[in-house]
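Written out below as structure tokens is the structure these notes cover.
Numbering (the UniProt record's numbering), first residue to last: 1 to 527.
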């Protein structure tokens, strides 16, 4: 792929956007209609269980037993590795995010053999999203190809994943707080941690994988963490209420962004986005007043009463929306994954989908190996992970940031107001337009060029709305500013994600990494 192809794609996207706009004006309604890397056969005992007792050396230490950590522990243990998982708190988590798993994430969960973890927790099937704009206009956006996502209580889902991982005899799951990584001659040899009883212990393994979440205290040793907090989520639980349309979530895209989706048969999670680094305090009632006077009037009628009732109950919780691009330091003996490595705005709910995609990729990269003891060669080989993960992570991260920036901006700027309307109307076109974006957002189509195409097609559509049928000087000025604003949104995001690694992966040496040469016999790892 070269610059000519990229340029041609951009031009095609602009032309396509104008054609779509022109044809849409002549009708009342517009009706439009993962390849895995090759893997060697893994030698194992046949049932995925290692051949030696756990008293021997551990192959892999996993720090953190959240969604990514628990899923990875199960996946690696099924492939025969001996895994020790150290989690700060094994009690059921109680969070307001991590409760929506998109269709692509569900497919990754199935690829790991963990789809049954969605059973028995009153999880809800999500087939579509109702997007509502400032004028009250609605459009339904469905997953393509009859795919579906799932929503649930985060804690219930994580406990099922932990139980599944702990059911394997070569997984040791224990509660403890990892205080530091143990380094020796430039390689990570394990961790130091405190048990629940306060006892200080050391654990050693050939590979230590850090996935201790968005508040990781170990990532600073393994990456360059540049964290942004563009907004906060205020979480409410709407109880004993059912949405008027089954299996549908809500994107309320007005002056305030609000997301609502069922997490059980009688509960709805409602997340209100509060832009900026400060939020109204909860303790003195300012937050409740803000929700009632500013947010409640923007809620659709079917959610208004339940929303007010949830505020009056007083169980208002907040969490920061963190954004952090993946900037790892290749470190022999250690590895980053999940939110410890990369975070995106939670407005589109793509975090678990990216995390599970990373787990599948890392499992597949480790499958040809039967020995992890050569830390330097394993580290060099696993550099390919950061290139191969780019398509899925790029698509979901970019759409999350773009959607939040566009719909959280002020309407005082005519170009930004026009961009909001064009974005929403583009989604309303249906067919390949809305389904194409949903395929990207949900991880079903991790194609960076497809995302670039849709971004520039939306921009062309917005410009066309202003210039057709008769351009005026004022409209031309707004269109020019809209192009500048749109480019100012997209290109910094592309730069942060890594243009070369995303669009020209073949130019990165790590793309060609192959498994280090190892003997074919069973190793001391017990694999």
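Note that beta-carbon positions come from the ideal geometry of N, C-alpha and C, so glycine has one too.
In the three-state reduction of the DSSP assignment, residue 358 falls in the helix class.
Pairing residue 268 with residue 152 gives a Cβ-Cβ distance that is not under 8 Å. Residue 159: not part of any beta strand (DSSP E); member of the alpha helix (DSSP H) spanning 154–166, first to last residue.
Looking only at 127, 213, 357, 235, the smallest Cα-Cα distance to residue 245 is reached by 127. The DSSP-derived three-state label of residue 179 is strand. Contact between the region 507–516 and the region 384–393 is present: 3 or more CB-CB pairs across the two stretches fall below 8 Å. Around the beta carbon of residue 278, fewer than 16 other beta carbons lie within 10 angstroms, which makes this residue exposed. Minimum Cα-Cα distance from residue 218 among the listed residues 137, 379, 157, 329 corresponds to 329.
By the beta-carbon neighbour count (other beta carbons within 10 angstroms, threshold 16), residue 431 is exposed. Beta bridge pairing from DSSP links residue 250 with 130, 260.
DSSP links residue 193 through a beta bridge to 178, 201.
In terms of Cα proximity to residue 124, the closest of 437, 505, 362, 243 is 243. Membership of residue 270 in the beta strand (DSSP E) is indicated by the continuous run 267–275. In the DSSP assignment, residue 287 falls outside any beta strand (DSSP E) and within the unbroken alpha helix (DSSP H) covering 286–290. For residue 151, the enclosing beta strand (DSSP E) has its first and last residue at 149–151. Taking the Cβ atoms as the reference, residue 196 lies roughly 7 Å from residue 176, within the contact range of under 8 Å.
DSSP links residue 86 through a beta bridge to 63, 174. Of the other Cβ atoms in all chains shown, fewer than 16 fall within 10 Å of the Cβ of residue 220; this residue is therefore exposed. For the set 68, 503, 91, 318, the Cα lying nearest the Cα of residue 341 is the one of 68.
Across the set 166, 187, 132, the C-alpha of 187 shows the shortest separation from the C-alpha of residue 377. Around the beta carbon of residue 198, fewer than 16 other beta carbons lie within 10 angstroms, which makes this residue exposed. For residue 436, the enclosing alpha helix (DSSP H) covers residues 431–441. Just measuring C-alpha positions, the residue of 463, 506, 394 sitting nearest residue 496 is 394. Boundaries cannot be given for residue 346, as no alpha helix (DSSP H) includes it and DSSP labels it neither H nor E. Two segments are said to touch when three or more pairs of C-beta atoms, one from each, lie closer than 8 Å; by this definition the region 68–80 touches the region 162–182. The Cβ atoms of residue 405 and residue 348 lie no closer than 8 Å to each other. The shortest CA-to-CA distance from residue 322 to any of 316, 339, 85 is the one to 339. Membership of residue 335 in the beta strand (DSSP E) is indicated by the continuous run 334–336. Taking the Cα positions, residue 475 is about 54 Å away from residue 113. If you look at residue 463, you'll find it in the alpha helix (DSSP H) that goes 448–467.
The three-state reading of DSSP puts residue 233 in strand, counting E and B together. Annotation for residue 334: 188, 208, 222 place their beta carbon closer than 6 Å to its own, counting only its chain and skipping 5 residues before and after. The alpha-carbon separation between residue 353 and residue 375 amounts to approximately 29 Å. The C-alpha of residue 210 is placed about 27 Å away from the C-alpha of residue 121.
Residue pairing from DSSP places residue 210 in a beta bridge opposite 63, 336.
Looking at the DSSP output, residue 515 sits in no beta bridge, so it has no partner there.
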